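To keep things clear, I will list the structure first and then write my remarks on it.
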Amino acid sequence: MKRYPVLTFFIILLFLQCRQQSAEKVVIPQVKYELSFPNRLHHEADIKIIFKDLPQNPLVVHMSRSSPGRYILHDFVKNVYGEKITDSTGQSLHFQQPNPHTWQIEHNGEVIFQYKLYGNRLNGTNSMIKDQYVLLNIPSTLVWPANLSNPIIRLQVEKPVEEWKIITQLDPIDQNGLFFAPDLNYLMDSPIAIGDFTIRKWQHSDKKTNFALAALHRGKDQDITDIADMTKMVITQQHEVMGEFPEFFQDHYFFILFYLPEAENDGMEHRNSTVITNNNQIAWYKRKFLTTISHEFFHSWITERLRPASITPFNYLDINSCPELWFAEGVVTYYDDVFLTRAGIREFYNYANGLTYHLNKIINLPGKTYTNPAKAGLLAPILDGSESQKPENTKNIHTSYYDYGDVISLALDLMLRTQFQEKKLSLDHYIQLLWSKYGKSETPYDNQMLEETLTQLTGDPQFSKDFFQNYIYSNQLPDFNHLLNQAGIAIKEKYTNKAWLGDVDLSSAYGGAYITAPTLHKTPLYNAGLDQGDIILYLGNQRIYNAPRYYQLMYRFKPGQTVKIIYLHNGKRKESMITFTKDNEIEVFAYELLNRQITDEIKEFRKSWLGVKTNQ
């Protein structure tokens, strides 16, 4: 999407007027949205859209079913009601509604479409309308014309309270809440936040790029200053890797933060802004909060501009599958904590220990048996939180593209640093090359182009072929022990001799430990025939009265020990023999926490990998 200054709006209007006066009349459709909030106490907005100079019948209007950055169906029309469709005189127009999210409207050149919107979810995808503030994520807020070519789009946004501020990447036409969008995709990508924000502004050292961090919160203003200062440090490290910022509209970028109890913990990238929501206490969570800021801002390069072909253009009316998400999201997930470490916000030993979570999810959960990074992205519409399509056996048959992409990106970075040490290659250089080839020109890429670019970087087509065949299109895992040891990081077994029957979700119900989710493949519970809905009553001769009792008893048994398990299955008492195995959960530690030697080679490797970057 290209950016246009507000002057363009007036040039277009002038062009329209001139052409209308010519013999060959050309009419450009106009769309004006008017947003007001007279009943925001009850989470309601009034939306009015004026369509003018319409060229054809019928006008087709849609409400989005999906939203960029989310790949599932939301069916936002569920929060649209009270529609009223008229001409400029108030006369009702005939329309058809072939499905809940589409209106086909007969007209004589002008349509006025009005409705009410309910918004009561504070996250990066939905909308929240309250008496204290308003957040509008546009796909969940506005209907849009499907069959108009390059209409002129304006928005008139009411400020419910005069002192409140409107924060958006949309182009302001005046100081009274009138904005301009250069095209429909840019409109859909432009959240609008209204409220009494605490704002911190700064200019990057390039003397060109301007940032604003706007926060609604219930902490101290010093906390926002701290977050802004740390954000500067993080984005400076990102700039050092990429060599430049993307071309932000009018050289401005907005961080829009909601630190409120009703918020969901979420972040969503946009072309020139990000919306981040969190319900934790700002005073103690602000450093962890920086991981999301790091993640979403790095999307300014990767995904917003260096974008997969499979979601270009984004389909607002259907699911969006993307086999490149291992890169588009996974690489960004890998880098978010890397940048915090390079900025000095996170200690090296904390970074190393933080690898525990993602490595455990990939190494020890059975889902990778049936998937791989490319397939995980393809299944994003199922895995990305959809309630209507939520799978019932996720841990056994699926793996998150975030987690998979994260650990595979870690492996690729360490492989490049070791196997191509003479060339001093790293994942940084791979990202830089992809940015120069595809990101700057916004040329969509696919997995084949990613592989070709890796070959171009390394000069070794066999390495690239093996990497993609083994780790992207297959479910093999690299030797993380070997790769991490070079950086003075060790993978250790968390427990030396702890008995284990399998990670299992339990609740206390029906006089025992009630299994609330499918048991994991090939674990002792699974092999003994227990599954979701069963109630564990005895382990050996020990009575299981509730879930805590089950976990307490684990420490009374040893790996290899076989006992009788008694449980209820479909209301009938059953028993089976079950053999305890060893708990294979791992932990990751920096060598110094294990009293291992830190050699000069390790120090140099760490410095190159996670040290502060300057003038790359």
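Just so you know, numbering that gives the first Met the number 0 puts 351 at position 352 of the sequence shown, and the rest follows in order with no gaps. Backbone N, C-alpha and C fix where the C-beta goes; we use that ideal spot for every residue, glycine too. Predicted model, so just to flag it, every value in this text is computed and none were measured.
Enclosing alpha helix (DSSP H) for Arg700 [first to last residue]: The structure shown does not extend to residue 700, since the chain is modelled only from 0 to 615, so the question has no answer here.
If we ignore side chains and look at the alpha-carbon of each, how far apart do Lys491 and Val587 end up? 6 Å
Less than 8 Å between the C-beta atoms of Pro443 and Pro322, yes or no? no
I think Ile226 touches Leu212, with their Cβ atoms under 8 Å apart; what is that distance to the nearest whole Å? 7 Å
Among Asn484, Ser425, Asn480, which residue has its Cα nearest to the Cα of Lys612? Ser425
List the residues that DSSP assigns as beta-bridge partners of Lys164. Gly194
Three-state secondary structure assigned by DSSP to Phe244: coil
Nearest to Phe247 (by Cα), restricted to the options Gln475, Asp170, Tyr315, Asn540: Asp170
Note down the Cα distance separating Leu382 from Ile152, rounded to an integer number of angstroms. 34 Å
Buried or exposed: Ser435, going by 16 or more other Cβ atoms within 10 Å of its Cβ? exposed
Same chain only: Cβ atoms within 6 Å of Ala342, ignoring 5 sequence neighbours per side: Met232, Val233, Gln236
Once DSSP output is grouped into helix, strand and coil, what is the label at Met232? helix
Assuming Gly329 and Ser204 make a contact with CB atoms under 8 Å, what is their CB distance in whole Å? Not confirmed; about 30 Å, so no contact.
Return the CA-CA distance between Arg2 and Asn209, expressed in angstroms with no decimal places. Note on Arg2: pLDDT 41, under 50, position unreliable in the model; no value is reported.
Rounded straight-line distance, which links the Cα of Tyr513 to that of Pro547: 11 Å
Should Ile104 and Leu116 be called a contact, given that it needs their Cβ atoms to be closer than 8 Å? no
When the Cα atoms are used, what is the spatial distance from Asn78 to Gly353? 39 Å
Three-state secondary structure (DSSP) at Asn446? helix
With a CB to CB cut of under 8 Å and the five nearest residues on each side skipped, what residues in its chain are close to Thr363? The sequence given here places Asn at residue 363; Thr does not occur at that position. Answer for Asn363: Asn583, Glu584, Ile585, listed in chain order.
Give me the Cα-Cα distance between Thr332 and His298, rounded to the nearest whole angstrom. 10 Å
From Tyr369 to His397, what does the alpha carbon distance come to, in whole angstroms? 7 Å
For the alpha helix (DSSP H) holding Met187, just list the boundary residues, first then last. 183-187
If you measure between the beta carbons of Gly108 and Asp195, is that distance less than 8 Å? no
Hey, could you find the ends of the beta strand (DSSP E) Arg572 is sitting in? 571-578
Check whether the region 124-131 touches the region 164-183, taking contact to mean three or more Cβ pairs, one atom from each stretch, closer than 8 Å. no
Start-to-end residues for the alpha helix (DSSP H) that takes in His408: Here residue 408 is Ser; the residue named in the question, His, does not match the sequence. Per DSSP, Ser408 belongs to the alpha helix (DSSP H) from 400-418.
Would you give the residue range spanned by the beta strand (DSSP E) that Leu552 belongs to? It is not in any beta strand (DSSP E) - Leu552 instead sits in the alpha helix (DSSP H) that spans 546-552.
Tell me, please, whether the region 457-476 touches the region 411-429 by the rule of three or more beta-carbon pairs shorter than 8 Å. yes
Identity of the residues DSSP links to Met127 by a beta bridge: Asn119, Leu134
Could you give the distance in angstroms between the alpha-carbon of Phe94 and the alpha-carbon of Lys31? 20 Å
Tell me which residue opens and which closes the alpha helix (DSSP H) that Asp465 is part of. 460-466
Between Thr291 and Phe254, is the Cβ-Cβ spacing less than 8 Å? no
Same chain only: Cβ atoms within 7 Å of Ala22, ignoring 5 sequence neighbours per side: Low confidence applies to Ala22: its pLDDT is 42, below 50, so where it sits in the model is not reliable enough to give any reading.
Using the beta-carbon count (16 or more within 10 Å), is Met241 buried or exposed? buried
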